[in-house]
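In what follows, a structure is listed as structure tokens, so that the remarks can point back to it.
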Amino acid sequence: MTRVSFAPPNRLARILSATDTTTVETLARNAEARVEAITPAIAIRLGPLIGELLAACRRPDAAIQADARAVRRLALSIAETAAVARRNDLVPLTIDLCDLLDGWIDCGCWRGGAVTVQAEGLALLFLDRSLAPADQARLLAGLAAMTSAVIRSVRRAA
Numbered sequence: 035m036t037r038v039s040f041a042p043p044n045r046l047a048r049i050l051s052a053t054d055t056t057t058v059e060t061l062a063r064n065a066e067a068r069v070e071a072i073t074p075a076i077a078i079r080l081g082p083l084i085g086e087l088l089a090a091c092r093r094p095d096a097a098i099q100a101d102a103r104a105v106r107r108l109a110l111s112i113a114e115t116a117a118v119a120r121r122n123d124l125v126p127l128t129i130d131l132c133d134l135l136d137g138w139i140d141c142g143c144w145r146g147g148a149v150t151v152q153a154e155g156l157a158l159l160f161l162d163r164s165l166a167p168a169d170q171a172r173l174l175a176g177l178a179a180m181t182s183a184v185i186r187s188v189r190r191a192a
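Heads up, the sequence shown is in our numbering, so the first residue is 35 and it goes up one at a time.
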């Protein structure tokens, strides 16, 4: 009886030993450069998104409550867009806004004024680039303290 053996070609070894292999560092650097190239186009989307959020949050409480999930999705979209657009100052405010909306969605504890104030603060931070860093820090700290207090009260009520 004749014995036949078969060894499939080792494509992985060929790929790994190729001289033109790309390192993870190179891939990361290239990806970062591509993101950097589209950052201005992404940043342009922030204005309309924040305008849409303001319009949604300036409505009567009942209307905001009825659309709380949609408003939350919009806020999360702003956070994601701001992060890619290198506007990291806006991300905590939008995440806090999501937390406020989650409090209502999860337990029915509604603080419409807090949602509106958070959205207005976000718009102010986005639109008024003349705010001094100290004023920005005060605004962020005040809004964070308000959000924290509201969330604590929501947890107590739940």
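All C-beta atoms in this analysis are idealised placements derived from N, C-alpha and C, irrespective of residue type, glycine included.
Is it buried or exposed, residue 155, if we count other Cβ atoms within 10 angstroms and call 16 or more buried? Taking the sequence shown and counting its residues from 1, the one referred to as residue 155 is at position 121. Under the 10 Å beta carbon count, residue 155 is surrounded by 16 or more other beta carbons and is classified as buried.
Cut-off 8 Å between Cβ atoms - residues of its own chain near residue 185, not counting five sequence neighbours on either side: Taking the sequence shown and counting its residues from 1, one reaches residue 185 at position 151. Here the set comprises 133, 134 and 137.
Inter-residue spacing [alpha-carbon to alpha-carbon] between residue 117 and residue 149: Working through the sequence shown from its first residue, we reach residue 117 at position 83. Working through the sequence shown from its first residue, we reach residue 149 at position 115. Taking the straight line from one Cα to the other gives about 21 Å.
Would you identify the three-state DSSP class for residue 155, choosing helix, strand or coil? Translated into the one-based positions of the sequence shown, residue 155 becomes position 121. In the structure shown, residue 155 sits in a helix (DSSP, three-state: H, G or I).
Between the Cα of residue 193 and those of 147, 78 and 80, spot the shortest distance and give me the residue it belongs to. Since the first and last residues shown for the chain are 35 and 192, residue 193 lies out of range.
Could you tell me which whole alpha helix (DSSP H) segments of length 4 or greater appear in the stretch 78 to 129? You should have 80 to 91, 95 to 100 and 102 to 118.
In terms of residues, what are the limits of the alpha helix (DSSP H) holding residue 41? Residue 41 sits at position 7 when you count from the first residue of the sequence shown. It is not in any alpha helix (DSSP H) - residue 41 carries neither H nor E in the DSSP assignment.
Since residue 127 and residue 159 should fall inside the 8 Å C-beta cutoff, what is the C-beta to C-beta distance between them, to a whole number of angstroms? Translated into positions along the sequence shown, residue 127 becomes position 93. Translated into positions along the sequence shown, residue 159 becomes position 125. With a contact defined as Cβ atoms closer than 8 Å, residue 127 and residue 159 qualify at about 7 Å.
Residues near residue 178 in its chain [Cβ-Cβ closer than 8 Å; skip 5 each side]: One-based indexing of the sequence shown puts residue 178 at position 144. Exclusion of the five residues before and after residue 178 leaves 126 and 130 as the residues of its chain whose Cβ lies within less than 8 Å of its Cβ.
On the three-state DSSP scale, how would you describe residue 186? Here residue 186 refers to the residue found at position 152 of the sequence shown. Residue state, collapsed to three classes: helix.
According to DSSP, simplified to helix, strand and coil, what is residue 142? Against the sequence shown, residue 142 aligns to sequence position 108. In this structure, residue 142 counts as coil in the three-state DSSP scheme.
Can you tell me which of the three DSSP states residue 162 falls into? Walking along the sequence shown from the start, residue 162 turns up at place 128. The answer is coil: DSSP assigns residue 162 none of H, G, I, E or B.
Nearest-angstrom Cα distance between residue 180 and residue 63? Within the sequence shown, residue 180 is the residue found at index 146, counting from 1. Within the sequence shown, residue 63 is the residue found at index 29, counting from 1. In a straight line, the C-alpha of residue 180 is about 39 Å away from that of residue 63.
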